[in-house]
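A.B. asks: Residue numbers (the numbering used here), protein chains in the order written: chain A, 54 to 288; chain B, 54 to 288; chain C, 54 to 288; chain D, 54 to 288. Using N, Cα and C, we set each Cβ at its ideal position, and we do this for glycine too. To start, I am sharing the structure in question, which I have written as structure tokens.
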DNA sequence: TATGAATGAGTGTTCATTCAT
DNA sequence: GATGAATGAACACTCATTCAT
């Protein structure tokens, strides 16, 4: 009889392997084309499965993106966690966090773009595991600020969460051109600059703490006095 | 094929009026629903025109969004321009810019969302008039830094553009929840906090000491001299 | 955004069946309404599928038309191929081709219209499979001419491709009114007439190649002279 | 007071001039871009008028095309009319018509394309003035055939209208590639070839036999007589 | 479990034509 | 007569998701 060729190549793999394949493939495609330009069929093909299989492991396309992004956060945390404990000194600790994050962005600008432009703007972002991961990831800055304040190195009246926003906001704006594939950035210099300015903003100022215009006010006062004296002399 | 003849209600208006109507309507709809959920037909209806009329004045839906955003920037600049010149002192100037921007975001969070999540991520953003407007709009921070450095108030080794990224990055991260309609922010407090920390980061630091101490020292010196003069006179 | 979930009635059929259904339906609709008046949605409905299914098998509306036309050509070739080999004699062979083609036009005037007015005018027609099919289909006329010339039945100085253009050009002009649904044509008579005139134009003329009436005129002249001489002699 | 610049440049021209301008412009645009790609606004601009003005003189875009095509036919007739009367002999007369038409196509392939692919396929073509013009234009072939038959030069059993279809059908198919801008054609050779084959198809054939047999038979006859004479002379 | 064919909603854009000025 | 701003209908195509096999 005619030997019929098997129509399908059913490749039964352990689920973890399948999931890993799909996520790797999805990360590739999402990174290359962005979310909406990515096709499930493309992701499936690269992973060596068919569309339907993806839906066995992921709710939908969005969920797949979420999971890819979550994995990236986990990866970033695992990459920077080990060394962190050993770093001593406020400046060094801030610098470590900033440097690590910039390094991660440099490694995976495509993923960063996805998180910044696709996931974060989502109306439900805040009820997302990604949001939680991000909080955990960014908490270290707030911790450093708190500890620094406790140790008297930093001013106590600065909101740790504000510093967190400042650090990550600055990094994000600073790396835009790069994330858009429109230029590189100098990892070392950028990390140092950002650290310097943030650190400087946290250092305590003279007791009394009046902002500089108070000083200027006092200068004005003083000037008046001098003028008064000068007038007396001129008379 | 054959265009069907139908009754028409032609309502001839000056182009400026039409454009204004359409942009107002587009701003409303875009703000309410976001870009992709907005329908041209909806915008047209609210503006009291038909779809085709919109395409007389705007290339396409995207162009309409651009123009709305540009107008917003112009509006923001006009709103904050007048007062700026009168503000004296570095702290006050930074605070003015931060406060104005926060105020604008508070007034139009929808537009901010559009710019941040729709327009800025666009691959061609940097060749856009909006990009130019944004540069003009954000230049003031860099100018303040430069002038402050020239006057010796600020450290000279800080990149003005880094400060710009810091200011706007911080503001953006700080107001996310609000832009997402998930909470308000305290305009006064936020402006002050951001200004304080940025300002603090810019002040020169005495090697080993707080920067303002130097100022105080000089003040004291000056005071001594004045007192000396006064004494001479009084004697 | 989110694709809405709806109940579905999936009806899995072998691809050949689906394609056949769609092409049959498309042929109907295109034939009835012409290309631009035909709606994909209409074609889909008659084929018992949804629009999307059509796009699984056909690139776009134009491609669908192409494929329908190609199938028509294949059909025409299959219909007239078998008998052709058995036909003997140049006149009969030309007549067979002409007759078959007229018969095909009579059967499917709508398709002919589509090919003539939609597909052939297309700027890319010549790089089309339809063009190839047409060449194969019309080659027989050229072959007949070539063979006839080789056998000495036809003049050797006639371009086979010109005859092809003549045959199909004549048929096309002759059947216009019919293709336009403005009258019928007599299949037998038309085929005979066209065959006669074409055949007549192919028969060899006296060597020397002067046009035939000139030859006849000179023959008359010569005859007269001969007669004159004969008369003189006979007298 | 400020001198206001005149908003409009009303250029009142005699209607004939306006119409001529518009038709010239329309002929240009239609010829360059084809019917459906041509924009009324483009035609208007090139003619130095606005859209509305065109509609004062032409019913609609289609009508404009019609009128342009009609003018072309009139032009063709005027171009070939004068010489025609002077041409003697059936072959020459057919050749004159064929040559003139090929020449016209060569001059204005764009217009030919428009007539062939846009106007003629129209369902209402036959109730069109263009159709009438075409009939008048192509009548000469039928007339030649009729006259030739009356003078005994052509067979009497050939339908003049069939010959007309043959001539114009052949010309059209023969010049396709050229009309499509995909190659040139040799005016002289093409005209001669087409004339030859058509002419040959019209010549009378001996009843029951191939036409050249008649010539040969008469030649044999004549030869016999000549031989007879020769014999007489030789005797 | 895996397959992959079938589903079907949803909208920006064009441009001939009109008619108030 | 000329202007040109306003009209508005009309439709191909995509692709995430499902579910019968």
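Give the C-beta separation of residue 193 of chain B and residue 251 of chain B to the nearest angstrom, bearing in mind that I take them to be a contact with Cβ-Cβ under 8 Å.
C.D. replies: Going by Cβ atoms, the distance from residue 193 of chain B to residue 251 of chain B rounds to 13 Å, so no, they are not a contact pair.
A.B. asks: When the cut-off is 8 Å and only beta carbons count, does residue 74 of chain C lie next to chain D?
C.D. replies: No - not a single Cβ of chain D is within 8 Å of the one on residue 74 of chain C.
A.B. asks: Can you check whether the CB of residue 121 of chain B is closer than 8 Å to the CB of residue 71 of chain B?
C.D. replies: In this structure, residue 121 of chain B does not lie closer than 8 Å to residue 71 of chain B by Cβ.
A.B. asks: Which residues, in order along the stretch 141 to 170 of chain B, keep a beta-carbon less than 8 Å from a beta-carbon of chain A?
C.D. replies: Within the stretch 141 to 170 of chain B, the qualifying residues are 142, 143, 144, 145, 166, 169 and 170.
A.B. asks: Determine, using beta carbons only, whether residue 107 of chain B and residue 117 of chain B come nearer to each other than 8 Å.
C.D. replies: Their beta carbons are under 8 Å apart, which means residue 107 of chain B touches residue 117 of chain B by this criterion.
A.B. asks: To the nearest angstrom, report how far apart residue 98 of chain C and residue 196 of chain D are at their CA atoms.
C.D. replies: Using only the alpha carbons, I get a separation of about 53 Å.
A.B. asks: Look at residue 221 of chain C and residue 154 of chain D and say whether their C-beta atoms are less than 8 Å apart.
C.D. replies: Taking 8 Å as the Cβ cut-off, residue 221 of chain C and residue 154 of chain D do not qualify as a contacting pair.
A.B. asks: Applying the criterion that 16 or more other CB atoms from any shown protein chain within 10 Å of the CB defines a buried residue, is residue 234 of chain D buried or exposed?
C.D. replies: So residue 234 of chain D ends up on the exposed side.
A.B. asks: So, with DSSP's three-state summary, where would you put residue 204 of chain B?
C.D. replies: It is coil, neither helix nor strand.
A.B. asks: Do you know whose CA, among A:77, A:69 and A:84, lies nearest residue 158 of chain A's CA?
C.D. replies: Of the candidates A:77, A:69 and A:84, the one whose C-alpha sits nearest the C-alpha of residue 158 of chain A is A:84.
A.B. asks: Any Cβ of chain A within less than 8 Å of the Cβ of residue 85 of chain B?
C.D. replies: Not closer than 8 Å to any Cβ of chain A, the Cβ of residue 85 of chain B fails to qualify, so no.
A.B. asks: Run through DSSP, which three-state label would residue 102 of chain C get?
C.D. replies: Three-state DSSP puts residue 102 of chain C in coil, outside helix and strand.
A.B. asks: Please classify residue 100 of chain D as buried or exposed, where buried requires at least 16 other C-beta atoms within 10 Å of its C-beta.
C.D. replies: Per the 10 Å Cβ criterion, buried.
A.B. asks: For residue 174 of chain A and residue 204 of chain A, what's the separation of their Cα atoms in angstroms?
C.D. replies: Residue 174 of chain A and residue 204 of chain A: Cα-Cα distance of roughly 37 Å.
A.B. asks: Distance, Cα to Cα, residue 176 of chain C vs residue 94 of chain C?
C.D. replies: So the two alpha carbons sit approximately 27 Å from each other.
A.B. asks: Using 8 Å as the threshold, is the C-beta distance between residue 207 of chain B and residue 143 of chain B below it?
C.D. replies: Contact flag set, yes.
A.B. asks: Any idea what DSSP makes of residue 152 of chain A, helix, strand or coil?
C.D. replies: Helix.
A.B. asks: Ignore the nearest five residues each way along the sequence and tell me which others in residue 231 of chain A's own chain have a CB closer than 8 Å to its CB.
C.D. replies: Excluding sequence neighbours, residue 231 of chain A sits near 158, 159, 162, 237 and 238.
A.B. asks: Counting only Cβ-Cβ distances shorter than 9 Å, please list the residues of the stretch 116 to 145 of chain B near chain A, keeping chain order.
C.D. replies: If the cut-off is 9 Å between Cβ atoms, the stretch 116 to 145 of chain B has 141, 142, 143, 144 and 145 near chain A.
A.B. asks: Would a check of beta-carbon distances place residue 201 of chain B closer than 8 Å to chain A?
C.D. replies: Taking Cβ atoms only, chain A never reaches closer than 8 Å to residue 201 of chain B, which makes this a no.
A.B. asks: Using C-beta distances below 8 Å, list every residue in its chain close to residue 123 of chain C, excluding the 5 sequence neighbours before and after it, in chain order.
C.D. replies: Here the set comprises 182, 183 and 186.
A.B. asks: Starting from residue 235 of chain B, trace the alpha helix (DSSP H) both ways and give me its first and last residue.
C.D. replies: From DSSP, residue 235 of chain B is part of no alpha helix (DSSP H); its letter is neither H nor E.
A.B. asks: Look at the alpha carbon of residue 255 of chain A and the alpha carbon of residue 216 of chain B, and state the distance between them as a whole number of angstroms.
C.D. replies: When rounded, the distance between both Cα atoms is 15 Å.
A.B. asks: Quick one: list the residues of chain D neighbouring residue 181 of chain C, beta-carbon separation under 7 Å, in chain order.
C.D. replies: Within 7 Å Cβ-Cβ: nothing; residue 181 of chain C doesn't reach chain D, min ~12 Å.
A.B. asks: State the DSSP-derived secondary structure class of residue 228 of chain B, mapped to helix, strand or coil.
C.D. replies: Coil at residue 228 of chain B, not helix or strand.
A.B. asks: Does the Cβ of residue 284 of chain B have 16 or more other Cβ atoms within 10 Å, making it buried, or fewer, making it exposed?
C.D. replies: Burial call: exposed.
A.B. asks: Helix, strand or coil: how does DSSP classify residue 68 of chain D here?
C.D. replies: Helix.
A.B. asks: Going by CA-CA distance only, name the one from D:272, D:201 and D:87 that's closest to residue 168 of chain D.
C.D. replies: Residue D:87 is the option with its Cα nearest to residue 168 of chain D.
A.B. asks: Just the C-alpha distance for residue 67 of chain D and residue 73 of chain D, rounded to the nearest angstrom, thanks.
C.D. replies: One C-alpha to the other measures close to 10 Å.
A.B. asks: Is residue 220 of chain C close to the ligand MN? I mean its beta-carbon at under 7 Å from any heavy atom of the ligand.
C.D. replies: The ligand MN is not among the ligands present in this structure, which contains no ligands whatsoever.
A.B. asks: Let's test the definition: count the other Cβ atoms within 10 Å of the Cβ of residue 211 of chain B and tell me whether it reaches 16, buried, or not, exposed.
C.D. replies: Buried, since its Cβ has 16 or more Cβ neighbours within 10 Å.
A.B. asks: Report the neighbours of residue 90 of chain C on chain D: residues whose CB is nearer than 9 Å to its CB, in chain order.
C.D. replies: Correct list: empty, because the minimum Cβ distance to chain D is about 11 Å.
A.B. asks: Would you mind listing the alpha helix (DSSP H) stretches within the stretch 129 to 193 of chain B that are 4+ residues and don't spill past its ends, in chain order?
C.D. replies: You should have 143 to 160 and 162 to 167.
A.B. asks: Whole angstroms is fine: what's the gap from residue 110 of chain C's alpha carbon to residue 65 of chain B's?
C.D. replies: Their backbone Cα atoms lie some 49 Å apart in a straight line.
A.B. asks: Residues of chain B with a CB under 7 Å from the CB of residue 221 of chain A: which are they?
C.D. replies: By Cβ distance, chain B contributes 226.
A.B. asks: Note down the Cα distance separating residue 134 of chain D from residue 152 of chain D, rounded to an integer number of angstroms.
C.D. replies: About 13 Å.
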